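Numbering (our numbering), first residue to last: 1356 to 2390.
Quick reminder that beta carbons are idealized off the backbone N, C-alpha and C, glycines included.
On a predicted model such as this, the values are computed, not experimentally measured, just so you know.
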């Protein structure tokens, strides 16, 4: 599952989780690396021994079959050899001592197939477009007189990496021979058990691996101190690792660079090319590379591997959530907090549901959710998950708080996008100047390189694309064409919804593409119900396995968080059902352009106008730019597969399949267990067809399961194992076979326990010093907003630093003033929100409120932002006196919008006179006011919504109504939050709030009562509260 930017978020927030993997140097023969010849029987160079290595094979197959960089393999056999070589590298790096489990993606649940369908249709479309661009480039280069290739090669169709194709069947055959060869001939492989789950076994590769871990750890006699390593490229492997609750679990993947590191690495490569042109090397070889020291521990020159240790991540999360252990009115269970954390991660991305429009991990959405969770948990009376089950009443509370700030999030994004577009155009202008300057530098090293390369096959230096080969020149031309097309999209694509401007929700649901999608799927209520179903399905998928093979989210768009209210009214039920047959999945996810990989009897269904399911395979893929200029961000509006129609159409062709095709189309394939005769798994291996034997954990190192004799999988001990390669150039027959191979079946599934097992010993702590334990919220650059401040003051709820605001948003104000008599508001902070520069963060007391009393009248919404003018900081043009001009303001009294009030400061709260202050300035009721009353993001303001030292600071600094405990004095007038009112003092959250009314209810019932009150208020006032603005409700 891909969670965009999640790996980067973990890397930056919890940096000590990731460490480099020390690798042994491969033996090189005839220019090829051979890791299988490396001696891996000695101690692991990384300082710890690994028991089990799990490999998500699709993370290897794709880069080996069609690499982004480097020369592509010429034949499928070469692809298979590359996959085997990479497994050899992983074995040499990790050195497992008990189990190696290789899992290839099988038939996926319907929930995942929809994403696979969109990806494969887009891949086919992009391949066609690439061919057209290359053809145009070749014609253009030829017209200029350049010598170009006469024939355009058709690219290899990567869609064949799908269960059921001949390619995957041949890969499985090669891998089975490869494992037998290694078990027979490699010392390290002889001592371990190898499980191969090929594409015939249903389920995603990583989830087949996790099911193995869950089932094994639930068996009696399981060794809780095994060290597990999982290799894969998907970021969700981190969440899967946390969900195991194993004390020694690590993720292994190739090094990934972000931001400045990535830029520096690319710059270093460019410098190397420049110096190579002059015969100079950039760096001397490292000490030891010539063999004068321990050459065995020199890392290879391949892309480096890195470990992400889940144990260290758990240390960080313990530090982050430690304040909860002191304040919860119920028992603190860190393992339950881990499960809740995993669930919160689903909101920012998963492969089964579109993420909520307001939540983007690059905007700080995950940190925002964590802070909300930490603040609300004490009042909710319990955790939001229990193993694979979700408490919807408590999730309802979380979603209500997200819904309350959707307006602000969309408004910030709109302004940030406008700012980014200005910056992009400015950068383009400067890039053009740089290109002119670079063209004048004829004596540069790059030019020297070009001149040295001039020969009959090189384009002349004085021509366009001079000094490049024909292939390089075509690539340069293709790149120009693509950039030109992207620029065209930027100019043509328009955002018709305009999230953040008044009426955005009405426009969203009335947009034709979205309205049609919702109508076909069953209406808005069905959208809301299906989305909540999806959250529950994903949670069960991670903790108990596939809850339903048939369930899927039947819409292309997600609802808004503000729409997901009272979600505990939905009944959640799943029927497990059965997975598709492989050919049924192929027909469900393949475009017509990939029909060559489908058995012939089915092909007419994808192209013949008379086909009963021809509408499943549109030639022109419908897309919705959804306001995005980049095509890869567009929503693919492919029709969802109607299962009943598909299966009915396939009935007749099914009868025409040959024997080999029927074998490939089996619904349930077989996992195979391999082991050497000298390392038995059971005392009496099965010897007749379908005979079974139970693995003995006493002699198999805590390994459980059933071995089944299948003649097609078994090769006699002492016999010959034939090579799948006819020429036997690389793979030769295995004589005197000593490798057992049986079908493997997992032991009976028992309940997965969300706890550390008895006897487990955690590894030595990594976070030792206070500096190690310092956690900082990641900053994703100036191109993104950050919504963490909307979660409120969190210093008493999580141990996280918020210094990102000093780089991006500037500071908030100080301690809120007294609520009764309106002392003078403090000076607001921040170059991002207020008019004054500051260093403290601007915070939000939206959660530190009285949730159990009748809601107060809501603050006026931000008119400045709602009208779409200007930016968050002091971005608007000013006159000579520093006042803003050309803003839309609504006057309340007879004083200027940005002038000082005519009344005194003693009225407290809202003062008469003045107008709605614009961003900054000295104003009254200044929505973004600097020195203002009721200053929205104010500096010196009363009732400063995002104010610094302000009264009723909704998003104020150390403000009043500290609610669940902050530094507030609790005397000011209550503020509206998602639940309205002020919180009564809870046992774990001291407060000096006083009230003459009866004691308020506590816990989840009280929170739900507040929710109902808020929703009822919205229903009774569809145009907003009396005197309010309709856009507060009609978003």
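DSSP places residue 1991 in the strand class (E or B) of the three-state scheme. The Cβ atoms of residue 1455 and residue 1593 lie no closer than 7 Å to each other. Within the same chain, 2086, 2087 and 2088 come within 6 Å of residue 2078 by CB-CB distance, once the 5 residues on both sides are set aside.
About 6 Å separates the beta carbon of residue 1588 from that of residue 1608, a gap short enough to meet the 8 Å contact definition.
The residue among 1577, 2138, 1736 and 2001 with its C-alpha nearest the C-alpha of residue 1966 is 2001. Here residue 1375 is bridged, per DSSP, to 1661. Contact annotation: residue 1934 and residue 1518 have beta-carbon atoms that are not nearer than 7 Å. Residue pairing by DSSP puts residue 1389 in a beta bridge opposite 1382. Only buried fits residue 1465, as 16 or more other CB atoms lie within 10 angstroms of its CB.
About 5 Å separates the beta carbon of residue 2107 from that of residue 1569, a gap short enough to meet the 8 Å contact definition. A contact is defined here as three or more CB-CB pairs under 8 Å, and the stretch 1913-1933 meets this definition with respect to the stretch 1745-1759.
Between residue 1468 and residue 1940, the beta carbon gap of about 6 Å places them in contact (Cβ cut-off 8 Å).
Per the C-alpha coordinates, the member of 1416, 1374 and 1703 positioned closest to residue 1560 is 1416. Taking all protein chains shown into account, residue 1951 has fewer than 16 neighbouring C-beta atoms within 10 Å of its C-beta and is therefore exposed. Under the three-state reduction of DSSP, residue 1586 is assigned to strand.
With contacts defined as CB atoms closer than 7 Å, residue 1719 and residue 1359 fail to qualify as a contacting pair. Within the same chain, Cβ atoms closer than 6 Å to the Cβ of residue 1529 are found at 1435 and 2079, the five residues on either side in sequence being excluded. In summary, residue 1403 is exposed, with fewer than 16 beta-carbon neighbours lying within 10 Å of its beta-carbon over all protein chains present. Here DSSP, grouped into helix, strand and coil, assigns residue 1709 to coil. At least 7 Å separates the beta-carbon of residue 1450 from that of residue 2056. The Cβ-Cβ distance between residue 1369 and residue 1671 falls below 7 Å.
In this structure residue 1729 is buried. Its beta-carbon is surrounded by 16 or more other beta-carbon atoms within 10 angstroms. For the stretch 1718-1756, the full-length alpha helix (DSSP H) segments reaching 4 residues or more read 1720-1735 along the chain. Proximity to residue 2142 across 2062, 1665, 1723 and 1409 peaks at 1723, based on C-alpha coordinates. Following the DSSP letters along the chain, one finds residue 1940 inside the alpha helix (DSSP H) bounded by residues 1937-1944. Within the same chain, Cβ atoms closer than 7 Å to the Cβ of residue 1898 are found at 1598, 1742, 1743 and 2107, the five residues on either side in sequence being excluded. Between residue 1833 and residue 1492, the C-beta gap is smaller than 7 Å, which places the two residues in contact. Ranked by Cα distance from residue 1412, the first of 1458, 1386 and 1533 is 1458. If you look at residue 2008, you'll find it in the alpha helix (DSSP H) that goes 1998-2009. For residue 2094, the enclosing beta strand (DSSP E) stretches over residues 2094-2100. Linking residue 2131 to residue 1674 through their CA atoms gives a straight-line distance of about 12 Å. Assignment of residue 1602 by DSSP, reduced to helix, strand and coil, places it in the coil class. The DSSP-derived three-state label of residue 2082 is coil. Three or more beta-carbon pairs drawn from the stretch 2021-2040 and the stretch 1534-1542 are found closer than 8 Å, and the two stretches are therefore classed as touching. When the beta-carbon positions are compared, residue 2109 and residue 1694 come within less than 7 Å of each other. As DSSP reads the structure, residue 1407 sits in a beta bridge with 1454 and 1583.
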